[in-house]
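Contents: one structure, followed by commentary.
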Amino acid sequence: MLGNVQGSCHNPKKLLQKGREAEAETKKTLTEIKLLEQTVDSIMSSSLKVGCEIRGTFSAMTEAIEEVAEEVIGLIESAVRAALKQADSIRRQLEKKCSELREKEEQLKTLSKSNDHMMLVQVMNIPK
């Protein structure tokens, strides 16, 4: 290129033409650089916006999941309390029945040792 410039030193028109071409090429390059910078800025802006939207969406989803988890845990705890209450009620009924059966067993042992057959018949007819 230096050879071209030196060769055109003798012709000022060609030199002016080359200067205009270089200036036009410089302007074109500067325009491309500005466009590239705008594109980079746009990409960065879009990236930040999308990042914020994704964080917001995941934050909302996490919050919803935590709320549902609390609800489910509450339902499970309620079901466990109901099952324990039912088991306690059944245990008390069984203990009462056991006590009644022991009492009847003692009565039968006592009556079997006595001669009161009438009382034995009455005890045997007690509803279960």
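Numbering (this note's numbering), first residue to last: 15 to 142.
Idealized CB from N, CA, C, for every residue including glycine.
Close Cβ partners of residue i (< 7 Å) along its chain, the five nearest in sequence each way excluded
i, result
"E85", "none"
6 Å Cβ shell around residue i - same chain, five flanking residues per side excluded
i, result
"A96", "none"
"T53", "none"
Spatial neighbours of residue i in its chain, beta-carbon cut-off 8 Å, leaving aside the 5 residues before and after
i, result
"A36", "none"
Next item on the list: At 3 residues or longer, and completely inside the stretch 94-134: list those beta strand (DSSP E) runs for me, N to C.
Entry: Taking only runs of at least 3 residues, no beta strand (DSSP E) segment lies wholly in the stretch 94-134.
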